[in-house]
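Chemist: Read in order, the letters of the sequence shown are residues 703 to 784 in the numbering used here.
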Amino acid sequence: MERVPAVRFVPAHSGGRGEGRREAIRLAQQHENVYMDFGGDIYCYPYFEELAATGLLAKVLYGTDYPWMDTRSHLTWVYKLE
Numbered sequence: 703m704e705r706v707p708a709v710r711f712v713p714a715h716s717g718g719r720g721e722g723r724r725e726a727i728r729l730a731q732q733h734e735n736v737y738m739d740f741g742g743d744i745y746c747y748p749y750f751e752e753l754a755a756t757g758l759l760a761k762v763l764y765g766t767d768y769p770w771m772d773t774r775s776h777l778t779w780v781y782k783l784e
């Protein structure tokens, strides 16, 4: 990530579950070119609030995993974070 600063990295589904998620947050905090997304079936709603608390909302990309997931479920959390 440091060697290729022009490339933007997005850990799929923000690292997934458990330790992968914590690692993705750490990488996004340490590197300008690492972004988060919240697509997929990760229905851990406090995670959205955790992203807000860590100051990473400006680096969050909207994701849904459509057509597998209903886009409205993820969009609800975008509105709640305003």
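No residue lacks a Cβ here, since even glycine has one placed at the ideal position from N, Cα and C. Note that the structure is predicted; figures quoted are calculated from it, not measured.
DSSP three-state label for valine 712, please.
Modeler: The residue given as residue 712 occupies position 10 in the sequence shown. It is coil, neither helix nor strand.
Chemist: Between Gly765, Gln731, Pro769, which has its C-alpha nearest glutamate 752's C-alpha?
Modeler: Reading the sequence shown from its first residue, position 50 is the one you call residue 752. The shortest C-alpha separation from glutamate 752 is found at Gln731.
Chemist: Smallest Cα separation from histidine 733: which of Lys761, His715, Gly741?
Modeler: Looking up residue 733 in the sequence shown gives position 31. With distances taken between Cα atoms, histidine 733 lies closest to Lys761.
Chemist: Here's a check: name, in chain order, each residue in its chain whose Cβ is nearer than 6 Å to the Cβ of alanine 726, leaving out the five neighbours to either side.
Modeler: Taking the sequence shown and counting its residues from 1, the one referred to as residue 726 is at position 24. Result list for alanine 726: Pro713, Ser716, Gly717, in chain order.
Chemist: Between the C-alpha atoms of leucine 763 and valine 780, what's the straight-line distance to the nearest angstrom?
Modeler: As a position in the sequence shown, residue 763 is number 61, starting the count at 1. As a position in the sequence shown, residue 780 is number 78, starting the count at 1. Their Cα atoms are separated by approximately 10 Å.
Chemist: Along the chain, where does the alpha helix (DSSP H) containing phenylalanine 740 start, and where does it finish?
Modeler: Position 38 of the sequence shown holds residue 740. Unbroken run through phenylalanine 740: none, as it is neither H nor E.
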